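Below: one structure, written as structure tokens.
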Amino acid sequence: MDVSTFYALFSATCFTLVGLWWNVVQSHPDWMRVPAMRRIVGGIYLSFLLPALMGLFAQVGGTGTPGIWRASFVVVSVVGCLSTLRLLAQGSRDDSSASLVLPQLGAAAVYLLIAVVGLAPELADPLGLRPIQAEAILLSLLILLGHGLVWRFMVGSGRPAGASG
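Read left to right, the sequence shown gives residues 986 to 1150 (the numbering used here).
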């Protein structure tokens, strides 16, 4: 696995997904008028933006300077985990995103695992992977969960009650 090529493609793909998501959001200005919808839309945005940022830092640090990507993965993952947990807490208070709970819990868990591998890279050793490879797998899972969030939201099951789409 050429991690440099992977992270270059991964980051570019994630930034493309951010742009595609904002094109969808721009065609639905009503989503931004409802606070619960705005939170969900923003959460989906972060599910693509944060992995894109981690991909960029992985390219900057690479295998030669692992401290750069490890530190950035920990910081960005903590931001992602806390943001996701905050969205879950707010969604449970206003019952706005019940069908998004499982993908969001999954994303919070993956963010936590990314931070743990960043802090303790030796955890990847029993898997026969370099830490940056283990992180690549976790980031791929995170994007898969982001896709699930978009799917649930776009088919209407992840929208707050009474919200149009």
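Cβ coordinates follow ideal geometry from the N, Cα and C atoms, glycine included. The structure displayed is predicted, hence computed values, not measured ones.
- The beta carbon of Val1026 is closer than 6 Å to those of Val1010 and Trp1016 in its chain, skipping five residues each way along the sequence.
- Val1086 counts as exposed, since fewer than 16 other beta carbons sit within 10 angstroms of its beta carbon.
- If you ignore the 5 residues before and after Ser1057, its C-beta comes within less than 6 Å of the C-beta of Phe1042, all in its own chain and listed in chain order.
- Counting of Cβ neighbours within 10 angstroms places Thr1069 among the buried residues, the total reaching 16 or more.
- Residues of the same chain with a CB within less than 6 Å of the CB of Leu1097, apart from the 5 flanking positions on each side, are Cys1066 in chain order.
- CA-CA distance, Thr1001 to Phe991, rounds to 15 Å.
- CA-CA distance, Arg1137 to Ser1084, rounds to 7 Å.
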